[in-house]
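Asks: The structure's right below; bear with me while I get my questions together.
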Amino acid sequence: MKRLKFLFLEDSPTDLELIQRELKRGGVEYVSLHVQDREAYLKAIVEEKPDFIFSDFSLPNFDGLSALTLAKEACPSTPFIFVSGTYGEDAAIQTLTRGATDYVLKDRLVKLVPALKRALRESEETEARRKAERDKFEIEEQLRQSQKLEAMGFLAGAMAHEINNPIMAIIDYARMIEKGESDVEKVKRMAIKIQTEGERISVMVKDLLRFARQEKGQFEKVTLTHSLIKMKSISEQRAKMSKIFLQVDTTEDVCPVLCKEGQILQVLLNLVNNSIDSLNQKNEGYYDDKRVSVFAKMVDMGNKPWVRITVEDTGVGIPPEIGRSIFNTFFTTKEADKGTGLGLSVSLSIVKEHGGYLSFESVPMEYTRFFLDLPCAV
Ligand SMILES: Nc1ncnc2c1ncn2[C@@H]1O[C@H](COP(=O)(O)OP(=O)(O)OP(=O)(O)O)[C@@H](O)[C@H]1O
Ligand SMILES: [Mg+2]
Numbered sequence: 001m002k003r004l005k006f007l008f009l010e011d012s013p014t015d016l017e018l019i020q021r022e023l024k025r026g027g028v029e030y031v032s033l034h035v036q037d038r039e040a041y042l043k044a045i046v047e048e049k050p051d052f053i054f055s056d057f058s059l060p061n062f063d064g065l066s067a068l069t070l071a072k073e074a075c076p077s078t079p080f081i082f083v084s085g086t087y088g089e090d091a092a093i094q095t096l097t098r099g100a101t102d103y104v105l106k107d108r109l110v111k112l113v114p115a116l117k118r119a120l121r122e123s124e125e126t127e128a129r130r131k132a133e134r135d136k137f138e139i140e141e142q143l144r145q146s147q148k149l150e151a152m153g154f155l156a157g158a159m160a161h162e163i164n165n166p167i168m169a170i171i172d173y174a175r176m177i178e179k180g181e182s183d184v185e186k187v188k189r190m191a192i193k194i195q196t197e198g199e200r201i202s203v204m205v206k207d208l209l210r211f212a213r214q215e216k217g218q219f220e221k222v223t224l225t226h227s228l229i230k231m232k233s234i235s236e237q238r239a240k241m242s243k244i245f246l247q248v249d250t251t252e253d254v255c256p257v258l259c260k261e262g263q264i265l266q267v268l269l270n271l272v273n274n275s276i277d278s279l280n281q282k283n284e285g286y287y288d289d290k291r292v293s294v295f296a297k298m299v300d301m302g303n304k305p306w307v308r309i310t311v312e313d314t315g316v317g318i319p320p321e322i323g324r325s326i327f328n329t330f331f332t333t334k335e336a337d338k339g340t341g342l343g344l345s346v347s348l349s350i351v352k353e354h355g356g357y358l359s360f361e362s363v364p365m366e367y368t369r370f371f372l373d374l375p376c377a378v
C-alpha cells in the first residue's frame, strides 16, 4: 500500500513530537513533511500534494485559518485537522464551518488517531462516490452516442427519401435544357428551379451535419421553435409514410433557452418517434385523428419563466403499470428490431444535464403527452 504523506504545520518541536508519538502509538505509518511558516506550507501543499494536513491554530507569523483557506484552494479534497492548544469552542466551530475536517485539542491527543481514521474513511467514501458518478456519466455518454448513431441511421434513411425528389427535378430540368430548349425565359425559370431545389438539399445536408457534430457541442441560446422546425423537416417523411399528420405549431413566442441544440433535437426526435410507433401500434393504416401534435409555450415554474414543449399523440397510451419503468435503460415493449429501449433513458439524461424536466401523462387507448421543460436563459 502507498505510504500516506502527512503535512504538519507546527512551530513547537515538543508539540510535534507529541503528535507524532501519538500517531506511532496508534500504529499509523506515514511519510512526514514538517513546515513552520507560510512560504514552506504553500510550497508543500502545491508541490507535495499531501494526503493529510495537521495544523496548529496559531503560529508566530502565520495562522491556521489562513492555512485552511489555502488548502481549500490548492488541494480541496485533502482532509485538514486542527491540532491546537488554546482553543475555545467558538473557534473550533468556526474552523468546521470553514471546511476543516476535524479538530483535536493538544491536551486530548488520544482523540487524534480516531479523528484521523474517521477522516480517511470519509475521504475514501467521497472518492468512491466521485468515481461512481464519473463511471455513470461515462456510461450515459456512451449510451447517448450509440443512441445518436441509431437516430442518425434513421435520419439518413429519411433524408435519402427526401433528397430523391429535388434531385429528380434537377436532373429533369437539366435534360430539358440539354435537349435544346431555346426560349431564354423558360431556360431562366428552369435555372431558378434548379437553384431552389439545390438549396433545399443543401439545407437538409447542413441539418444532418449539424446534428452529427453537435454531440459534444456548446451550450448556446436557442429559440426552441426553431428546433421544432428542424425536427419537423427530419420527421415529416416518416410520419407521412405512416399516414400520420405531424402538426408542429411554431407560432408561439417563447424565450430562448440555454442548450446544446443537437441534443435537444435528439430528445424531440425520440419523443416524436415514440408517438409515431404508438399510433401505428393502434393501427398501421390511416384513421381519423392519426396525429402527433407538437407545440411550445411559456409556463411559470416557481415564478421563473420556462419553456414547455408538448409532444402529444392519440396512440395506444402508456398503461399505469409500466409508467414507472419507461425511463429505464433498455426498457421496451417493442419487438427486438423495432426498439432498444434507449430513447427515453438517453432523453432523460440529456434533459437533466440541461437542468430541465421530462414528464408525461397518459390515458391508455386515448392519448399520451410528453412534456419537455427547460428554464429560460437569463
Ligand atoms: N408516446 C408513447 N406512447 C405509448 N408508449 C410509449 C410512448 N413513449 C414511450 N412509450 C413506452 O415506453 C417504452 C420505452 O420508450 P423508449 O423510447 O425508451 O424505448 P423504445 O422506443 O422502446 O426503443 P428505442 O427508443 O430505443 O428505439 C416504449 O417501448 C413504450 O412502451
Ligand atoms: Mg423510443
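Residue numbers are given in the UniProt record's numbering: position 358 of the sequence shown equals residue 358, and the series is strictly consecutive.
Using N, Cα and C, we set each Cβ at its ideal position, and we do this for glycine too.
In whole angstroms, what separates the C-alpha of residue 407 from that of D15?
Replies: Here the chain comprises residues numbered 1 to 378, so residue 407 is not present and cannot be evaluated.
Asks: Per DSSP, which one or two residues make a beta bridge with D313?
Replies: V292, T368
Asks: Given Q147, which residues of its chain have a CB within under 6 Å of its CB, disregarding the five upstream and five downstream residues?
Replies: L342, V346
Asks: Start and end of the beta strand (DSSP E) containing L358?
Replies: 357 to 363
Asks: I'd like to confirm the pairing. Which residues does DSSP put opposite S123 in its beta bridges?
Replies: Per DSSP, none; premise fails for S123.
Asks: Whose C-beta lies closer than 7 Å to the C-beta of G317 among residues of the same chain, with five residues either side of it excluded?
Replies: S362, V363, P364, M365, E366, Y367, T368
Asks: Any residues whose CB sits closer than 6 Å to a heavy atom of ligand 2? List them in chain order?
Replies: The answer, residue by residue, is N270, N273, N274, G339, G343.
Asks: With the cut-off set at 8 Å, would you say L372 and W306 are in Cβ contact?
Replies: no
Asks: Is Q94 buried or exposed, if buried means 16 or more other CB atoms sit within 10 Å of its CB?
Replies: exposed
Asks: What did DSSP end up calling V378 once you bin it into helix, strand or coil?
Replies: coil
Asks: From this set, K24, Y173, G198, which residue's C-alpha is nearest M190's C-alpha?
Replies: Residue Y173 is the option with its Cα nearest to M190.
Asks: Could you tell me the distance, in whole angstroms, from the CA atom of L105 to the CA atom of P256?
Replies: 56 Å
Asks: Name, in chain order, the residues that DSSP records as bridge partners for Q247.
Replies: S293
Asks: For a minimum of 4 consecutive residues, which ranges assigned as the alpha helix (DSSP H) are wholly contained in the stretch 19 to 104?
Replies: 38 to 43, 64 to 74, 89 to 97
Asks: Taking DSSP as the reference, what is the three-state secondary structure of R308?
Replies: strand
Asks: Cβ-heavy atom distance between G317 and ligand 1 below 7 Å?
Replies: yes
Asks: Within 7 Å: the Cβ of S77 and any heavy atom of ligand 1?
Replies: no
Asks: Following the continuous beta strand (DSSP E) through L258, name the residue where it begins and the one where it ends.
Replies: 257 to 259
Asks: Please state whether DSSP places L342 in a helix, a strand or coil.
Replies: coil
Asks: Across which residues does DSSP place M301 in a beta bridge pair?
Replies: K304
Asks: So V292 and S275 are in contact, right, with Cβ under 8 Å, and what is the actual spacing, rounded?
Replies: About 4 Å separates the two Cβ atoms, so the contact holds.
Asks: Classify K330: buried if its beta carbon has 16 or more other beta carbons within 10 angstroms, exposed otherwise.
Replies: Reading off the sequence shown, one finds Phe at residue 330, where the question assumed Lys. Exposed.
Asks: Just to check my reading of the structure: E252 and T225 have Cβ atoms closer than 8 Å, yes? What is that Cβ distance to the nearest angstrom?
Replies: 7 Å
Asks: Closest to T314 by C-alpha separation, out of I244, A132, E124, M176, would be which residue?
Replies: I244
Asks: Answer yes or no: do I19 and V113 have a C-beta to C-beta separation smaller than 8 Å?
Replies: I19 is not a Cβ neighbour of V113, given a cutoff of 8 Å.
Asks: Considering only residues of the same chain and omitting the five flanking positions on each side of E124, which have a CB-CB separation below 8 Å?
Replies: Cβ neighbours of E124 beyond the five flanking positions: none.
Asks: Suppose contacts are defined by Cβ-Cβ distances below 8 Å. Is L33 in contact with P50 by that definition?
Replies: yes
Asks: Report yes if the CB atom of Q263 is closer than 8 Å to the CB atom of I350, and no otherwise.
Replies: yes
Asks: Taking the beta strand (DSSP E) that E321 falls in, what are its first and last residues?
Replies: That residue, E321, is in no beta strand (DSSP E); its alpha helix (DSSP H) goes 320 to 323.
Asks: What's the C-alpha gap between A239 and T69?
Replies: 60 Å
Asks: Classify T126 as buried or exposed, calling it buried when 16 or more other Cβ atoms lie within 10 Å of its own Cβ.
Replies: exposed
Asks: Following a CB-centred definition, is F331 positioned closer than 7 Å to any heavy atom of ligand 1?
Replies: yes
Asks: Put F230 into one of helix, strand or coil per three-state DSSP.
Replies: Inspection of the sequence shows that residue 230 is occupied by Lys rather than by Phe. Three-state DSSP puts K230 in a helix.
Asks: How should R144 be labelled, buried or exposed, when 16 other C-beta atoms within 10 angstroms of its C-beta is the threshold for buried?
Replies: Classification of R144: buried, given that the 10 Å Cβ count is 16 or more.
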